[in-house]
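The structure appears below as structure tokens.
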Amino acid sequence: MCSPQEVCCFICYKTFDKDKTRSKKCSLCGDFKCPLCGGCMCNLTLGEQRVVLAMIKTYEKMLDTGYNFKQHEKIEKKVRKALQEKDSFKNKKK
Ligand SMILES: [Zn+2]
Ligand SMILES: [Zn+2]
6 MCSPQEVCCF
16 ICYKTFDKDK
26 TRSKKCSLCG
36 DFKCPLCGGC
46 MCNLTLGEQR
56 VVLAMIKTYE
66 KMLDTGYNFK
76 QHEKIEKKVR
86 KALQEKDSFK
96 NKKK
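Numbering-wise (this note's numbering), the sequence shown opens with residue 6 and increments by one.
What follows is the structure, encoded as structure tokens:
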């Protein structure tokens, strides 16, 4: 598996070893909770969450790791929904 051992936190921007620190995954966003600040993808804004998800999607596809993107399903749904709402708002304006 080519899954990273060291993870850089989106919130405090520090790296941590996800195995050594026994970092747990957040059930809501599927992201690792940072042992240093307790943050995860949930602490980001919708726009930031979209960027992170897009990055994960791109890289995992490129590296072909068999990464289970489904673990981010809940947060992905939220991001998609927000995008759709934005679109429908735009269309109404026309
Ligand atoms: Zn952190
Ligand atoms: Zn979370």
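Think of the CB as a built atom: it goes at the ideal place given N, C-alpha and C, for glycine as much as any other residue.
Given the structure is predicted, the values throughout are model-derived calculations rather than measurements.
Per DSSP, the continuous beta strand (DSSP E) segment holding T20 begins and ends at T20 to D22.
By the C-beta density criterion, F21 is buried, having at least 16 other C-beta atoms within 10 angstroms. Uninterrupted alpha helix (DSSP H) stretches at least 4 residues long and entirely within the region 35-76 occur at 51-68, given in chain order. Going by C-alpha positions, G43 is about 40 Å away from K97.
Under a 10 Å Cβ-count criterion, C31 is classified as buried, with 16 or more other Cβ atoms of the shown protein chains found around its own Cβ. Judged by DSSP secondary structure, C31 falls outside any beta strand (DSSP E); it is assigned neither H nor E. In the DSSP assignment, C13 falls within the unbroken beta strand (DSSP E) covering E11 to C13.
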